[in-house]
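Q: Chain order of the listed sequences is C and X.
According to our numbering, the first sequence holds residues 4 to 302 in order.
According to our numbering, the second sequence holds residues 6 to 321 in order.
Every residue, glycine too, gets a C-beta built ideally from N, C-alpha and C.
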Amino acid sequence: MAPKDDIDPASLKALLSKEKETREKLTKKWIPNFFETPFWRSIFRHKIDDTPRNRSLAVLSNVFLHLQPAKLNRDAVRYAFCWGMGGITFYLFIILTFTGVALMFYYHPTKADAFRDILFLKNDVPFGNFLRNMHRWAAHAMIITTWLHQMRVFMTGSYKPPREFNWNIGVILLLVTMLLSFTGYLLPDDQLGFWAVTVGTNMARATPVLGHEGPGIELVELLGGKITAYNDVRFALLGGSIVDANALLRAYIWHCVALPILGATFMIVHFWRIRKDGSLSGPAPVMLAAEAGQAKGRR
Amino acid sequence: MTHMLAAFDWHQLLHILTEPDNIPIVLMMLLIPYFLWYGFREAAAHDRLIAQLEADPALAKTHHRKPYPYHPAWDKTLHTWPYLLRVEFLAAIIVTAFLVLWAVWLDAPLEEPANPNLTMNPSKAPWYFLGLQELLVYFDPWIAGVILPHVVLGGLMAIPYIDTNPLGNGYYTWRQRKFAISGYMFGFLVLWVLLAIIGTFIRGPGWMWFWPGETWDPHRQVHEVNRHLHEVVGVTGWVNIALFGGVATLGILGALHLLADVVIRRKMPVLFRQQNFLQYMITLNLLAMMLFVPLKILLKLGLNIKYVWVTPWFNV
Ligand code: HEM
Chain C
4 MAPKDDIDPA
14 SLKALLSKEK
24 ETREKLTKKW
34 IPNFFETPFW
44 RSIFRHKIDD
54 TPRNRSLAVL
64 SNVFLHLQPA
74 KLNRDAVRYA
84 FCWGMGGITF
94 YLFIILTFTG
104 VALMFYYHPT
114 KADAFRDILF
124 LKNDVPFGNF
134 LRNMHRWAAH
144 AMIITTWLHQ
154 MRVFMTGSYK
164 PPREFNWNIG
174 VILLLVTMLL
184 SFTGYLLPDD
194 QLGFWAVTVG
204 TNMARATPVL
214 GHEGPGIELV
224 ELLGGKITAY
234 NDVRFALLGG
244 SIVDANALLR
254 AYIWHCVALP
264 ILGATFMIVH
274 FWRIRKDGSL
284 SGPAPVMLAA
294 EAGQAKGRR
Chain X
6 MTHMLAAFDW
16 HQLLHILTEP
26 DNIPIVLMML
36 LIPYFLWYGF
46 REAAAHDRLI
56 AQLEADPALA
66 KTHHRKPYPY
76 HPAWDKTLHT
86 WPYLLRVEFL
96 AAIIVTAFLV
106 LWAVWLDAPL
116 EEPANPNLTM
126 NPSKAPWYFL
136 GLQELLVYFD
146 PWIAGVILPH
156 VVLGGLMAIP
166 YIDTNPLGNG
176 YYTWRQRKFA
186 ISGYMFGFLV
196 LWVLLAIIGT
206 FIRGPGWMWF
216 WPGETWDPHR
226 QVHEVNRHLH
236 EVVGVTGWVN
246 IALFGGVATL
256 GILGALHLLA
266 DVVIRRKMPV
276 LFRQQNFLQY
286 MITLNLLAMM
296 LFVPLKILLK
306 LGLNIKYVWV
316 TPWFNV
């Protein structure tokens, strides 16, 4: 069906502008424009009409948004380039921080309480079970998105100069992310976490020279020392020779305090460096082998 | 084989796949292939453009050099507000909705209270570390649990400093970076993800190997006798055994070095010329180790050879 076109454009335009005029007159008179109140203007200092200047100011004058540049490569918003994976990883970290803080209100890191606190969360705390599920699944998801993010950074060669150092910050973030997840695993103090952490930390027994079952402890004996189950790296990780109350406390402090601070710190550096290294690496114009001063050849 | 097909245990398979803590790895097994396809599709588009520009230098001078729509009158940049922020906002909503649905649908697991006297069988690390736990079958803990993870981290950190290829910085391509991309994908997909998948879905009670569909029977008897390389060859006396193992291990590593060296020199002369000696040696070392790991896995799985180097102090 062809669109009906029986109103002539000129009169339509006139009609619309009349309508707008009346509307503005009414609102100006009866409802002061909220965006022009002193209250609003005290928070957001720039005007709100849609001009290039205000679009930039919206980003630049906002402490959270100014993490990002005011303008970006027009192709960088294509989903195909960065898949949004770094951003999603960061967003999951924020979700984990919020749900994690809420969980902390109900959790005591002691052998007597920990498991019961989880039961309490599951069965009695309003939305406690939902909170715990969100935290658990967001943690798993963050591991996956970190891996995918790294894969995309690799595939786009984004670790090449000048971003070598930021790739290394990324490797640290990868480690922190996995350790965060791992330390959280013990906290419910159930069979799953207990045995996972037992298996995981048992490997530390075998650390060369520093673990009591590792190769090279003879070297320490030559120097007059002795590495036992009570002074090796595993003991340092667990605060004991078995996974028990001290291990629970250590996991808790790593999980809720130390690692989040470390992770957040390195994320700040990561984001800062993205900007300092010239924002996203691409999508960049392709470079030809001849231009790189190379002969044609396989690589 | 036939009895295995006849007794295909769907129930067991479904049980492992839908274990709440295994759902993420099932999700990952869908996401990784999808994003691989997505990335390589982008790479193919760029590679077609590269081929076209290489064949036509005049075009290369004027072309905008991206496989995306282009018009000289268009701005080269966009405002973050609204063009990026709306995408981020949308992504945040989708992720939130997805997580909410997931959290409503599926409860996080909670087993019985921790009990040191009641060993879980199998006792497994969280799924993202199961690649390392699987390596425990093939290597002693000091290698699988301590040395190899550090090599992985160190190797990852070395990547930007040993990859001297200036091409492919900021765009997807396969043609210009075949070597780097294959190396990374082998490490990530085979040595990390595949091993984690094996650790999650194939390893059952007693860390025994169960094919998908086999029942996880904790009482299954395994009639494998581990041998060591020196026993196969027939070396005796601990000094001889230790010497033999050292020569064999270093020999294998050396051979893998040589193999990598020859392949790089023959097939990738450009790469070879760009790296300095130190960079080249680090590359060869990392490659040799990345090949040594699967070789050792095959020795164990195929020939039941556990150690290639036995000494009174450590085994490899
Ligand atoms: C907690 C984990 C991480 C967070 C929150 C994070 C966040 C981000 C974000 C938001 C970006 C902007 C572009 C994008 O979204 O792709 C980015 C870029 C980048 N990330 Fe990460 N990242 C993390 C882990 C990693 C890892 C594991 C690596 C690599 C080993 C890495 C290396 C990089 C590099 C090199 C860039 C610059 C990419 C470019 O310019 O195209 N990051 N990261």
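Going along the chain, which residues of the region 155 to 174 of chain X sit with their C-beta nearer than 8 Å to a C-beta in chain C?
A: Flagged, chain order: LEU158, LEU161, MET162, ILE164, PRO165, TYR166, ASP168, ASN170, PRO171, LEU172, GLY173, ASN174.
Q: With 16 other CB atoms within 10 Å as the buried threshold, where does ARG91 (chain X) fall?
A: Taking the first residue of the second sequence as 1, we reach residue 91 (chain X) at position 86. When all chains shown are included, ARG91 (chain X) counts as exposed.
Q: Report yes or no: is there a C-beta of chain X within less than 8 Å of the C-beta of TYR255 (chain C)?
A: Counted from its first residue, the first sequence places residue 255 (chain C) at position 252. So no, TYR255 (chain C) is outside the interface.
Q: Can you look up ILE310 (chain X) in the DSSP assignment and give me helix, strand or coil?
A: The residue labelled residue 310 (chain X) in the question sits at position 305 within the second sequence. ILE310 (chain X): strand per DSSP, three-state reduction.
Q: When the Cα of THR159 (chain C) is compared with those of C:LEU95, C:ALA79, C:GLU24, which residue comes out closest?
A: As a position in the first sequence, residue 159 (chain C) is number 156, starting the count at 1. Nearest option by C-alpha distance: C:ALA79.
Q: Straight-line CA distance for THR7 (chain X) to LEU35 (chain X)?
A: Position 2 of the second sequence, counted from the first residue, corresponds to residue 7 (chain X). Position 30 of the second sequence, counted from the first residue, corresponds to residue 35 (chain X). Note that THR7 (chain X) scores 49 on pLDDT, short of 50, meaning its location in the model is unreliable; the coordinates nonetheless yield the value given after this. The straight-line gap from Cα to Cα measures roughly 30 Å.
Q: Check whether the region 139 to 152 of chain C touches the region 151 to 164 of chain X, taking contact to mean three or more Cβ pairs, one atom from each stretch, closer than 8 Å.
A: At 8 Å Cβ cutoff, the stretches do not touch.
Q: Below 8 Å on the Cβ atoms is my contact criterion, and I expect THR316 (chain X) with GLY250 (chain X) to pass it. Report the Cβ-Cβ distance as a whole number of Å.
A: Along the second sequence, one-based indexing puts residue 316 (chain X) at 311. Along the second sequence, one-based indexing puts residue 250 (chain X) at 245. Contact flag correct, Cβ pair sits at about 7 Å.
Q: According to DSSP, simplified to helix, strand and coil, what is PRO118 (chain X)?
A: Taking the first residue of the second sequence as 1, we reach residue 118 (chain X) at position 113. The answer is strand: DSSP assigns PRO118 (chain X) an E or B state.
Q: When every heavy atom of ligand 3 is checked, does at least one fall within less than 7 Å of the C-beta of GLN17 (chain X)?
A: In terms of ligand content, the structure shown lacks ligand 3 and carries ligand 1 instead.
Q: In angstroms, rounded to a whole number, what distance separates the CA positions of ASN171 (chain C) and ASN290 (chain X)?
A: As a position in the first sequence, residue 171 (chain C) is number 168, starting the count at 1. As a position in the second sequence, residue 290 (chain X) is number 285, starting the count at 1. Looking at the two C-alpha atoms, the distance is approximately 20 Å.
Q: Using beta-carbon positions only, say whether HIS60 (chain C) and HIS69 (chain C) come within less than 8 Å of one another.
A: Translated into the one-based positions of the first sequence, residue 60 (chain C) becomes position 57. Translated into the one-based positions of the first sequence, residue 69 (chain C) becomes position 66. The sequence given here has Leu at residue 60 (chain C), not His. No, Cβ-Cβ distance for LEU60 (chain C) and HIS69 (chain C) is not below 8 Å.
Q: Residue range of the alpha helix (DSSP H) that THR30 (chain C) falls in?
A: Within the first sequence, residue 30 (chain C) is the residue found at index 27, counting from 1. Taken as a continuous stretch (DSSP letters only), the alpha helix (DSSP H) holding THR30 (chain C) covers 12 to 33.
Q: Output yes if chain C places a C-beta closer than 8 Å to the C-beta of ALA65 (chain X); else output no.
A: Counting from one through the second sequence, the residue named residue 65 (chain X) turns up at place 60. Judged by the 8 Å Cβ criterion, ALA65 (chain X) is in contact with chain C.
Q: Count the other C-beta atoms from every protein chain shown that fall within 10 angstroms of the C-beta of VAL202 (chain C), then say buried if there are 16 or more, exposed otherwise.
A: In the first sequence, the residue the question calls residue 202 (chain C) occupies position 199. Buried, since its Cβ has 16 or more Cβ neighbours within 10 Å.
Q: Using a 10 Å radius around the Cβ and a threshold of 16 neighbouring Cβ atoms, would you call PHE101 (chain C) buried or exposed?
A: Within the first sequence, numbered from 1, the residue matching residue 101 (chain C) stands at position 98. Under this definition PHE101 (chain C) is an exposed residue.
Q: Please compile the residues from chain C whose C-beta is within a distance smaller than 9 Å of the C-beta of ALA253 (chain X).
A: On the second sequence, position 248 is the one that residue 253 (chain X) refers to. Correct list: empty, because the minimum Cβ distance to chain C is about 18 Å.
Q: Classify TRP214 (chain X) as helix, strand or coil using the three-state DSSP reduction.
A: Position 209 of the second sequence, counted from the start, is the residue given in the question as residue 214 (chain X). Correct three-state label for TRP214 (chain X): strand.
Q: Rounded to whole angstroms, what is the Cα-Cα separation between ARG232 (chain X) and ALA293 (chain X)?
A: Mapped onto the second sequence, residue 232 (chain X) falls at position 227. Mapped onto the second sequence, residue 293 (chain X) falls at position 288. Cα to Cα, the separation comes out at about 24 Å.
Q: Determine, for LEU264 (chain X), whether the minimum Cβ-Cβ distance to residues of chain A falls below 8 Å.
A: No chain A is present in this structure, whose protein chains are C and X.
Q: What is the rounded straight-line gap between the Cα of THR204 (chain C) and the Cα of ASP52 (chain C)?
A: Residue mapping note: residue 204 (chain C) aligns to position 201 of the first sequence, counting from 1. Residue mapping note: residue 52 (chain C) aligns to position 49 of the first sequence, counting from 1. Going from the Cα of THR204 (chain C) to the Cα of ASP52 (chain C) covers about 59 Å.
Q: What residues in its chain sit with their C-beta under 6 Å from that of PRO210 (chain X), if we drop five residues either side in the sequence?
A: The sequence position of residue 210 (chain X) within the second sequence is 205, counting from 1. Correct list, in chain order: ASN126, PRO127, TRP221, PRO223.
Q: Mind pulling the chain X residues with CB within less than 8 Å of ASP280 (chain C)?
A: As a working note, residue 280 (chain C) is residue 277 in the first sequence. The premise fails here: ASP280 (chain C) is roughly 11 Å from chain X at the closest Cβ pair, so nothing lies under 8 Å.
Q: Quick check on PRO223 (chain X) - is its C-beta less than 8 Å from some C-beta in chain C?
A: Mapped onto the second sequence, residue 223 (chain X) falls at position 218. No, PRO223 (chain X) does not count as interfacial toward chain C.
Q: Going along the chain, which residues of its own chain have a beta-carbon closer than 7 Å to the beta-carbon of PRO3 (chain C), five neighbours each way excluded?
A: An answer regarding residue 3 (chain C) cannot be provided, because it is not within the stretch 4 to 302 covered by chain C.
Q: Are any of the Cβ atoms in chain X nearer than 8 Å to that of ILE172 (chain C)?
A: As a working note, residue 172 (chain C) is residue 169 in the first sequence. With 8 Å as the cut-off, ILE172 (chain C) does not count as an interface residue toward chain X.
Q: Could you say if the region 193 to 204 of chain X and the region 132 to 144 of chain X meet the contact criterion of at least three C-beta pairs nearer than 8 Å?
A: Cβ pair count under 8 Å is three or more, so yes.
Q: With burial defined as no fewer than 16 other Cβ atoms inside 10 Å of the residue's Cβ, what is the status of TYR162 (chain C): buried or exposed?
A: Looking up residue 162 (chain C) in the first sequence gives position 159. So TYR162 (chain C) counts as buried.
Q: Helix, strand or coil: which one does DSSP assign to ALA298 (chain C)?
A: The count along the first sequence starts at 1 and reaches residue 298 (chain C) at position 295. Any reading at ALA298 (chain C) is ruled out, since the residue's pLDDT is 48, under 50, leaving its predicted position unreliable.
Q: Going along chain C in order, which residues have a C-beta closer than 7 Å to the C-beta of ALA97 (chain X)?
A: Within the second sequence, residue 97 (chain X) is the residue found at index 92, counting from 1. Correct list: TYR94.
Q: So, at 8 Å on beta carbons, what are the nonlocal neighbours of PRO25 (chain X) in its own chain, with the 5 sequence-adjacent residues on each side left out?
A: One-based indexing of the second sequence puts residue 25 (chain X) at position 20. Same-chain partners within the cutoff: LEU111, ASP112, ALA113, PRO114.
Q: LEU254 (chain X) lies in the alpha helix (DSSP H); which residues open and close that run?
A: Working through the second sequence from its first residue, we reach residue 254 (chain X) at position 249. Correcting the residue identity first, residue 254 (chain X) is Thr in this sequence and not Leu. Where THR254 (chain X) is concerned, the enclosing alpha helix (DSSP H) stretches over 243 to 272.
Q: Find the nearest neighbour of GLY192 (chain X) within the set X:ILE164, X:ARG180, X:ARG46, judged by alpha-carbon distance.
A: Position 187 of the second sequence, counted from the start, is the residue given in the question as residue 192 (chain X). For GLY192 (chain X), the nearest C-alpha among the options comes from X:ILE164.
Q: Start and end of the beta strand (DSSP E) containing ASN76 (chain C)?
A: The count along the first sequence starts at 1 and reaches residue 76 (chain C) at position 73. Unbroken beta strand (DSSP E) run through ASN76 (chain C): 74 to 76.
Q: Please check if any C-beta of chain X sits within less than 8 Å of the C-beta of PHE118 (chain C).
A: Working through the first sequence from its first residue, we reach residue 118 (chain C) at position 115. Output row for PHE118 (chain C): interface = yes.
Q: If you drop the 5 nearest sequence neighbours on each side, which residues of the same chain put their C-beta closer than 8 Å to that of ARG208 (chain C)?
A: Within the first sequence, numbered from 1, the residue matching residue 208 (chain C) stands at position 205. Result list for ARG208 (chain C): GLY214, HIS215, GLU216, GLY217, ALA232, ASP235, ARG237, in chain order.
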